[in-house]
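Read left to right, the sequence shown gives residues 1 to 453 (the UniProt record's numbering). No residue lacks a Cβ here, since even glycine has one placed at the ideal position from N, Cα and C. Since the structure is predicted, the reported quantities are computational estimates derived from the model, not experimental observations.
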Amino acid sequence: NSCGHCKSLAPEYEKAAAELSSHDPPIVLAKYDASDEANRALATQYEIQGFPTIKILRDGGKKVQDYNGPREADGIVAYLKKQVGPASPEIKSKEDAANLIDEKKIFVVGIFPEASGEKFENYLTLAEKLRAEINFAHTVDAKLLPRGGPVDKPTLRLLKAFDELFVDFEDFQVDAMEKFIAEASIPVVTVFDNDPNNNEYVNKFFDGTNSEALLFVNFSSELEAFKSKYNDVAKLYKGEGVSFRLGDVEAGEGAFEYFGLKPEQAPLIVIMGTDDQKYLKDHVEPDAIAAWLKDYKDGKLKPYVKSQPIPETNDEPVKVVVRDTLQDMVFNSGKNVLLEFYAPWCGHCKKLAPILDEVAVSLESDPDVLIAELDATRNDLPKDQFDVQGFPTMYFKSASGKLSQYDGDRTKEAIIEFIEKNRDKPVQSDSAKTIQRRMNYRGLWDTVHWWWM
1 NSCGHCKSLA PEYEKAAAEL SSHDPPIVLA KYDASDEANR ALATQYEIQG FPTIKILRDG
61 GKKVQDYNGP READGIVAYL KKQVGPASPE IKSKEDAANL IDEKKIFVVG IFPEASGEKF
121 ENYLTLAEKL RAEINFAHTV DAKLLPRGGP VDKPTLRLLK AFDELFVDFE DFQVDAMEKF
181 IAEASIPVVT VFDNDPNNNE YVNKFFDGTN SEALLFVNFS SELEAFKSKY NDVAKLYKGE
241 GVSFRLGDVE AGEGAFEYFG LKPEQAPLIV IMGTDDQKYL KDHVEPDAIA AWLKDYKDGK
301 LKPYVKSQPI PETNDEPVKV VVRDTLQDMV FNSGKNVLLE FYAPWCGHCK KLAPILDEVA
361 VSLESDPDVL IAELDATRND LPKDQFDVQG FPTMYFKSAS GKLSQYDGDR TKEAIIEFIE
421 KNRDKPVQSD SAKTIQRRMN YRGLWDTVHW WWM
């Protein structure tokens, strides 16, 4: 009853169920309450992790598939209609090909001298697995297809509306075919602008496993200067683990916010590595892209770390930490530091804020304790030190450097009790140690001088 997404889905699901009930053959939509104790066994059987979850069951429940389609009635109907009938219909004529193949979308055709054998069975397995995302068909005659020539052995042909228009593949291992389709379905350069027709390719771009290079330019004034050079670089690195995207600055507001960048830094190129490291070249020139990409592949670039500007004033009880001050304010401070990682939109963080203020005010006179906060949406975190999976997340760094996550109650009393229990004596920085050593020497000299007097 408390699931908002379930409540939003319910009327759409009912509409889809009503329409699909008259489909031939009927497509049955059912539902059950997985939070009901009587249904727990069923929820466990189907590994239900969140709500709402939709599963597609075939052959009396022997075949189970996740539903990853739309959540509105028309989308649900269209998606499920694709699940009915063969995953790969046969093309027997040019008329069949014209009716089945949408030349504006990705379409995969298995070409087989005869519809039997291990390769054909592997192909059908793949078509069944990917039928919700990709359209499939098979034929014995490649001449019936709109693109590509005749073949004399089993061939997987991917038809597309960009780049080379079709690609043939001959390895019929299921994993190999799936990888081929994933890579061939993305343009050499994916265009990101306000054209909704490009959304499909943009989504595939971000769902991939490659490093991602994103070039942002002003399409109205800079596109022609960059387009051919960028395409040449993308072709050069095709198959080497880097995907390329070309974005319009005007459509890139979300990306700029995510990376902590400003439009005035464009034209710029940023790479997101598979290890979550980022690399940035702003105010880039067209002729400099190839050399910069080579430096990236050679491991010569220094990672870019996103940080908010350092605050000009920081005199509130709860101190503001940004990525560029994290080392000095937390790790090198020699203090006991409670650090909250928050998101501005997080309701639980907003509830915690006045409590942390009270904690900070209570401990304000203690020079060895610091209460601080960091906006985790606008600053990159060292993931080898902080595991932030949700908000708010709090870590405590003792004066001696011990780091621990706070999982206690979010009350003033519980937090202060935790700090007092886990705090250490302050650790002096190197400069403080030097001053103290000089004071000790001066004290020793005064003692000796007094004794001789």
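Endpoints, alpha helix (DSSP H) assigned at residue i
i, result
"Lys278", "That residue, Lys278, is in no alpha helix (DSSP H); its beta strand (DSSP E) goes 278 to 282."
"residue 455", "Outside the shown range of the chain, which is 1 to 453, sits residue 455, and nothing can be said about it."
"Gln45", "40 to 45"
"Lys94", "94 to 100"
"Ala10", "4 to 20"
"Gly117", "Note, Gly117: premise wrong, no alpha helix (DSSP H); not H, not E."
"Val77", "73 to 81"
One or two residues paired with residue i in a DSSP bridge
i, result
"Thr125", "Thr125 pairs with nothing; no bridge assigned."
"Ile106", "In DSSP, Ile106 forms no bridge with anything."
"Phe256", "Paired residues: none, contrary to the question."
"Gly247", "Phe192, Phe216"
"Asp66", "Lys55"
"Val270", "Leu214, Leu280"
"Arg157", "Val109, Asp168"
"Glu285", "In the DSSP output, where bridge partners are listed per residue, Glu285 has none listed."
"Glu90", "His138"
Buried versus exposed call for residue i [16 or more other C-beta atoms within 10 Å across all chains shown]
i, result
"Glu340", "buried"
"Pro25", "exposed"
"residue 457", "A question about residue 457 goes unanswered here, because the residues of the chain that appear run from 1 up to 453."
"Glu373", "buried"
"Thr190", "buried"
"Val361", "exposed"
"His138", "buried"
"Ala266", "buried"
"Ala184", "buried"
"Arg58", "exposed"
"Cys349", "buried"
"Gly4", "exposed"
"Ser8", "exposed"
"Asn39", "exposed"
"Asp248", "buried"
"Phe205", "Caution applies to Phe205, whose pLDDT of 47 falls short of 50 and renders its modelled position unreliable; the value that the coordinates give is listed next. Per the 10 Å Cβ criterion, buried."
"Gly334", "buried"
"Pro392", "buried"
"Leu165", "exposed"
"Ala288", "exposed"
"Leu42", "exposed"
"Lys94", "exposed"
Nearest-angstrom Cβ-Cβ length linking residue i and residue j, presumed shorter than 8 Å
i, j, result
"Leu156", "Val108", "7 Å"
"Val64", "Ile27", "Wrong, their Cβ atoms sit about 16 Å apart, outside the cutoff."
"Leu29", "Tyr13", "6 Å"
"Ile134", "Ile91", "Actually they are not in contact, since the Cβ atoms of Ile134 and Ile91 sit about 16 Å apart, beyond 8 Å."
"Lys235", "Val188", "6 Å"
"Gln308", "Asp375", "7 Å"
"Asn68", "Ala127", "Not a contact, Cβ separation roughly 16 Å."
"Leu80", "Leu130", "At roughly 16 Å, the Cβ-Cβ gap does not stay under 8 Å, so Leu80 and Leu130 are not in contact."
"Arg410", "Leu326", "Not quite, the Cβ-Cβ distance comes to about 23 Å (not below 8 Å), so this is no contact."
"Asn210", "Gly254", "That belief does not hold up - the Cβ atoms of Asn210 and Gly254 are roughly 21 Å apart, past 8 Å."
Residue i: CB within 7 Å of a non-hydrogen atom of the ligand NAP
i, result
"Ala38", "No copy of the ligand NAP occurs in the structure displayed, which carries no ligand at all."
In chain order, each beta strand (DSSP E) run of at least 3 residues that lies wholly inside the UniProt domain "Thioredoxin" (296 to 424): 336 to 342, 369 to 375, 393 to 397, 403 to 406
Just list the beta strand (DSSP E) runs in the segment 160 to 241, keeping only unbroken ones of 3 residues or longer that don't cross its boundaries, in chain order. 166 to 169, 189 to 192, 211 to 217
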